[in-house]
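Written out below as structure tokens is the structure these notes cover.
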Amino acid sequence: MTTAAAPLPARDAVRALYAARPQSWFVRGSLLAFVLLLAAAPFVADLDAGNRSAERRRANLERFARDIRPAPIRDSAFDVGKVATWAGERMTEGGGAEATATTAAISVLAIVLAGIFGGLLALFAARNLMAPAPFGATSWQPSIARRLASRTVIVGTRFLLVLLRCLPEYLLAFLFLAVFGFTAWPAVLALAVHNTGILGRLDAEAIENIDARPARALRDLGGGRYALAAAAVFPAVLPRGLLYLFYRWETCVREATVLGLLNIPSLGLLIEDSKSRMRQDDLLFYVLVAAALVLVGDLVSSWLRHLVRRAS
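If you want our numbering, it's the position in the sequence shown, counting the first as 1, plus 137.
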């Protein structure tokens, strides 16, 4: 009869676990390199933080704190009525309401375009759908030419999606400005192109993870790829695809605001204009409006995703 070994004391057990831990010189070297780069960054970047005296920085801070107060109460006590009137003028006469609506419209139109084209490209990037024998498990042996064509379509589509994801929205908007001028379309297309690459990749992975049995049954009944995509793939992927769509819409709301810095008619344009005119109170107001818009977008997106989860 064998007896179980007595358990080690807690301190000895911890020491034994520490001694048996996996050790990687690559991880240690990477951590050391990160620490060295972090220590060298202030000297390499030449931040030039020492040229300004403490008094000057304090004066700048005091001036900024004064300038961000709304103009009607800058030299007087806080008055809710005056602030409300001033804010209303910023939204009406200052163009805040129109810029807010434009920002929201840019984000919605961009994500709709990205959802449509991303979903279409995902069909060609999904390995199970675009295989010579869709969803596998068949006795039919495809020819070499068919396998090569299938592989070319999948690899080519995935490369296109990677390329679209790698192009920053800011750079795309700058390029589209040369074609469409200072309108909302450069922002719409820039956001749509970038998010097409992201949604296409996410939707393709969702297609590859669906249950293949319904699709195989439809294929065995004579259904082609179009029938498989419409009757088997689309219903299975729709809930997750909507989750991805609403999540990326949150990002589009934020980016549509930032793209206004390129003179695209969104809230970012009003922020840039206020900055150039040294109107710090207007600048802070439009920043808060942009933050409120992003917050509303996040709440709406979260609510819609919650509905999709409940329905699925």
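Each residue gets a CB set at the ideal place from its N, CA and C atoms; glycine is no exception.
- I210 is a Cβ neighbour of K219, given a cutoff of 7 Å.
- In this structure, DSSP gives D212 a state outside helix and strand, which the three-state scheme calls coil.
- Here DSSP, grouped into helix, strand and coil, assigns Q160 to coil.
- R302 and G334 do touch by the CB rule: their CB atoms are close to 4 Å apart, below 8 Å.
- If you keep only unbroken beta strand (DSSP E) runs of at least 3 residues inside the region 247-280, you get nothing at all.
- Rounded to the nearest angstrom, the gap between the Cα atoms of A349 and L309 is 38 Å.
- With fewer than 16 neighbouring CB atoms inside 10 Å of its own CB, E199 falls in the exposed class.
- By the Cβ neighbour-count rule, E226 is exposed, with fewer than 16 other Cβ atoms within 10 Å of its own.
- The alpha-carbon of L406 is positioned some 29 Å away from that of L441.
- Taking a cut-off of 8 Å for Cβ pairs, the region 309-320 and the region 354-363 do not touch, as fewer than three such pairs fall below it.
- Here DSSP, grouped into helix, strand and coil, assigns I347 to coil.
- Taken through DSSP and simplified to helix, strand or coil, E230 comes out as coil.
- A Cβ-Cβ distance of about 5 Å is found for the pair A321 and I243, placing them in contact under the 8 Å criterion.
- Contact between the region 224-241 and the region 425-438 is present: 3 or more CB-CB pairs across the two stretches fall below 8 Å.
- In the DSSP assignment, A429 falls within the unbroken alpha helix (DSSP H) covering Q417 to A448.
- CA-CA distance, Y363 to W386, rounds to 28 Å.
- Three or more beta-carbon pairs drawn from the region 329-347 and the region 285-302 are found closer than 8 Å, and the two stretches are therefore classed as touching.
- By the neighbour-count definition (other C-beta atoms within 10 Å, threshold 16), F296 is an exposed residue.
- The region 254-271 makes contact with the region 280-293: 3 or more CB pairs, one atom from each, lie closer than 8 Å.
- By the neighbour-count definition (other C-beta atoms within 10 Å, threshold 16), S438 is a buried residue.
- Taking all protein chains in view, the Cβ of E392 is crowded by 16 or more other Cβ atoms within 10 Å, so the residue is classified as buried.
- The continuous alpha helix (DSSP H) containing P376 extends over residues F371 to V395.
- In terms of Cα proximity to L326, the closest of L380, N346, L246 and A263 is L246.
- By the beta-carbon neighbour count (other beta carbons within 10 angstroms, threshold 16), E306 is buried.
- Counting only runs of at least 4 residues, the region 289-350 fully encloses the following alpha helix (DSSP H) elements, listed from N- to C-terminal order: 306-317 and 322-345.
- DSSP places R206 in no alpha helix (DSSP H); its state is neither H nor E.
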